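Below you'll find the structure, written out as C-alpha cells, and then a few comments.
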Amino acid sequence: MKKLFFVAVLIAILAAFFASTHPDGLDFVAEKFGFAEKGQGHQAPMPDYSLKFLPEGSVSTSLAGIAGIAIILGIFFVAAYVLKNGRNKSTKNLTGIFIAMFLCLYVGVSHAARPLVTDDFYTVAPNGYELELGYSSTQNLASLANVTILSLKRGFSPNFDFGIEVPYTSSTPSGLNDMLLHAKYRFWDIGPDEGMTARVDFKLNNGSLAQGLGSGDYDSWLMWIYTKKFGEAKTHINLAYVNVGLNAGVQYDDYFAYTAAVEYPMWGEKGDIVAEYVANNTVYSPNPAFIQLGARYCFSSSFKVDAGYSFGLNDYTIRNSLTAGIHYEF
Amino acid sequence: MHIPNEFLDPKISTGLIGVAVAVLGISFAKVKEAVTALQPAEALATAGRNVGSMAGRMRRVLTGNGEQTIYKMGMVAALVFSAQMFNFPINQGTSGHMLGGVFSFVILGPFAGSIVMAVVLLVQSLFFADGGLLAIGANIVNMAVVGTFLVYYLYILIRKVAPEWLAIAIAAWLSVTLASFACSLEIGFSGTTSLGLVIPAMLKIHMLIGVAEALITLALVNIFRTMLKGE
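If you read the protein sequences in the order shown, they are chains A and B. So for the first sequence, this note's numbering puts the first residue at -6; every next one is plus one. So for the second sequence, this note's numbering puts the first residue at 2; every next one is plus one.
Shown next, in the form of C-alpha cells:
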C-alpha cells in the first residue's frame, strides 16, 4: 500500500507542473455571469496550493501538494492509532500534539503575548481587559507536567496595567501552583512600536511544597522590557532580577533571568510566527536555557489562537514542551 | 467545483452543513462498526491497555482488517486529493478536475467513501482556501453526499444490467453531472444568479468533465487494484 503514497505524490508533482491554469467549470460559469469577483477566498496557510515563502510556481505548488497529502495521511493514521489504543495517556497526547501542529500550521499573534514567555513593552488599554488561557504539556527530566494557565490583566491608565496568573497542574500530583501577581508600567515611548516598560512580579507561595507544586517561598521580580521593530519583525528583550524568598528556613541565591524574542508577521495582520530564547543564571551549571518556536493566528485584533513548541538546551530545564492557548481582549 | 462562501446565502450554507453532518454521522457510525469488533474489556486488560472501570463490560476494539481499512482510506484520500489538483483543459479556456467520489466508493464502499471525500474537502478548505469554510456543508453535500453516497445507489442499479467497467464509467459521469446540478441549484437559490442561466451553463461544462472523470476513474481503480494485489 506504501507504493500508492508515491503515486499520489507523483500525481501532485505532475499536477503542479502540467495542470491547466484555466478556470475550472464553476469559476468559468461564475466569470461568465459576472459573480466571480464575489468569491474572495479566505485566509489559509497555503492559499491556491502555494507556499507563501517560495516564489509562485510549480515548485511551490508541488511542495504544497505534498504537504496536503501528508496532512490527509496524518489524519487517518492518527484516527487508526486512537481507535486501536483506546483512550489512554499516549493517545490523548498524540491527539494533543496533532491539534497543536494543526494550530501551528493553520493558524498564527500580533504582539508579544502567548505562546511567548518573553513580555512586550505594551500595556493593556485603560479599562480594558486581556484574558489568556493556555495549556501546556511539558516533559521534564523525570516527569511530565500538564499545566493550564489562566491570566487576566486590566489596564488602569494609558501606561499601567495589573494582572494575575493562576496555573493549575492536571497531571499527578495535581493542584494549584504558585500564583503570580504582576504590575507593568510603560515609562518610555520611543515610538509606536519601540519603548521600555518596567514590570514588578510577586510570586505567591500557595502551591504545596510537599507535593512539588510550589517553591514554598515568595519571590519578587523586577523586570526591564525593551521592544524595538526592525522592518516587519518585532524584537523584545527582558532582563529580570529575581529575589528568591526564604524557603523552609533556607536562603537561596538571587539570580538574573533573561529572554529575547522575535515576532514576524508571516501572514500579515492574520498571524505571526514567533521564536524566543529563555535563560537564567541560577546555581545550576550549565545554566538552564530553552528555545521556543510558535505561531499565532488572529481571528480579529482582539482574539488570537496560538501554539508553541519548546525544547531545552540542557538537562536543568524542560526537555520538550507543547503549548496551545487563546488570547482575548475586551 | 469548490464553492467559495460568497456565492451562497448564509442560510443555505448553514442548512447544508446540517445535512452534511447528518449524512457523515451515519457514515461514521457505519465505518466504526465495520472496522471494530466487540470484545470483553478484560481481554484488553491482559493486553496491557488502560481500561479503567470498563471491567466486565464489552468494548469496541479496532480489528486488524479494520486498521488496514483506515490506512486504505488514507491512501484513497491522498490519491483523490492529488488527482483533484490536476486540472485538465476542457475547451475554450475552461478546465476541469477529477472529483473522485466514484473511485472512493468502488474501493471503499459508500460510507467510508463519503468520509474520505469529506476529509479531502475539509483539508482543501482549511489549508488551501479551496472552497469556503461556511460553504463546506454545500461542498460536502455536492461532492461527498450527491457525488459519492447517492451515486453509489445508482451504481448498484446500473451494475445489475451492465458490466463493472461500464457501470463505473456511467456512475463517474453521473457523479460529476449530478454534483454540478446540485451546485447550480444552491447558487441559483442563493440568488447569486438566476437558476435558468446557471443550470444549463454548469451542466454543459460538467457533462464534458464527466467524460474525463469516467476515464480517470477507470484508470485509478485499475492502478489501485493492481498495486494492492496480494496484500
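Heads up, the beta-carbon is just placed ideally off N, CA and C, and yes, glycines get one too. As the structure is a prediction and not an experimental result, all values here were calculated from the model.
Residue i in three-state terms, based on DSSP
i	result
B/W166	helix
A/I157	strand
A/S303	strand
A/T220	strand
A/L173	strand
A/M39	coil
A/H104	Low confidence applies here, because A/H104 scores a pLDDT of 35, under 50, leaving its location unreliable; read the following figure in that light. Reduced to three states, the DSSP call for A/H104 is coil.
A/T228	strand
A/N236	strand
B/P111	helix
B/H3	coil
B/R235	Absent from the model: residue 235 of chain B. The displayed extent of chain B is 2 to 232, so no value can be given.
A/T316	strand
B/I13	helix
B/N92	coil
A/S293	coil
Under 8 angstroms between C-beta atoms of residue i and residue j
i	j	result
B/A139	B/I224	no
A/K227	A/E256	yes
B/T64	B/F106	no
A/A288	A/G264	yes
A/Y128	A/T141	yes
B/A163	B/L219	no
A/F69	B/I157	no
B/E68	A/K(-4)	no
B/F129	A/G61	yes
A/T285	A/Y309	It should be noted that the sequence gives Gln, not Thr, for residue 285 of chain A. Taking 8 angstroms as the Cβ cut-off, A/Q285 and A/Y309 do not qualify as a contacting pair.
A/L109	A/V267	yes
A/I311	A/N198	no
A/I218	A/A253	no
B/V117	B/L109	yes
A/R192	A/A176	yes
A/S324	A/F10	Beyond the ends of chain A as shown, which are -6 and 323, falls residue 324 of chain A; an answer cannot be given.
Any chain A beta carbon closer than 8 angstroms to residue i
i	result
B/S96	yes
B/G101	no
B/V124	yes
B/T193	yes
B/I18	no
B/K12	no
B/G148	no
B/G138	no
B/A79	yes
B/S181	yes
Extent of the continuous alpha helix (DSSP H) to which residue i belongs
i	result
B/V146	Run containing B/V146: none; DSSP gives neither H nor E here.
A/L206	Where A/L206 is concerned, there is no enclosing alpha helix (DSSP H), given that its DSSP letter is neither H nor E.
A/E24	18 to 25
A/G61	51 to 78
B/A79	65 to 86
B/N140	137 to 141
Chain A contact residues for residue i, given Cβ-Cβ distances below 8 angstroms
i	result
B/M203	G18, L19, V22
B/V199	V22, F26
B/F225	L(-3)
B/S176	Under the 8 angstroms cutoff, chain A gives no residues; its nearest Cβ is about 14 angstroms from B/S176.
N- and C-terminal bounds of the beta strand (DSSP E) containing residue i
i	result
A/K146	137 to 150
B/Q40	37 to 41
A/N133	First-last for A/N133: undefined, no H or E at that position.
A/K(-4)	First-last for A/K(-4): -5 to 11, but that is the alpha helix (DSSP H), not the beta strand (DSSP E).
A/V276	Taken as a continuous stretch (DSSP letters only), A/V276 belongs to no beta strand (DSSP E), as it is neither H nor E.
A/F195	187 to 196
Within chain B, the residues that residue i reaches when beta carbons sit closer than 8 angstroms
i	result
A/P40	F129, A130
A/L7	F87
A/I4	L80, S83, A84, M86, F87
Min CB distance residue i to chain B below 8 angstroms
i	result
A/K263	no
A/G127	no
A/S278	no
A/V0	yes
A/A72	yes
A/A37	yes
A/F69	yes
A/Y99	With a pLDDT of 47 at A/Y99, under the threshold of 50, the modelled position of that residue is not reliable, and the figure given next carries that caveat. Yes, A/Y99 lies at the interface with chain B (some Cβ there is under 8 angstroms from its Cβ).
A/I65	yes
Per-residue contacts from residue i into chain B (C-beta, under 9 angstroms)
i	result
A/G32	I4, P5, N6, E7, F8, G133
Chain B residues whose Cβ lies nearer than 7 angstroms to that of residue i
i	result
A/K77	L63, E68
A/S13	N88, F89, P90, S96
A/G61	F82, V124, F128, F129
7 angstroms Cβ cut-off: residues of chain A touching residue i
i	result
B/M228	K(-4), L(-3)
B/M74	F69
Chain-ordered neighbours of residue i on chain A, where CB pairs are closer than 9 angstroms
i	result
B/T37	L76
Check: residue i C-beta below 7 angstroms from any heavy atom of the ligand FAD
i	result
A/V235	By its list of ligands, the structure shown contains no ligand whatsoever, and the ligand FAD lies outside what it can speak to.
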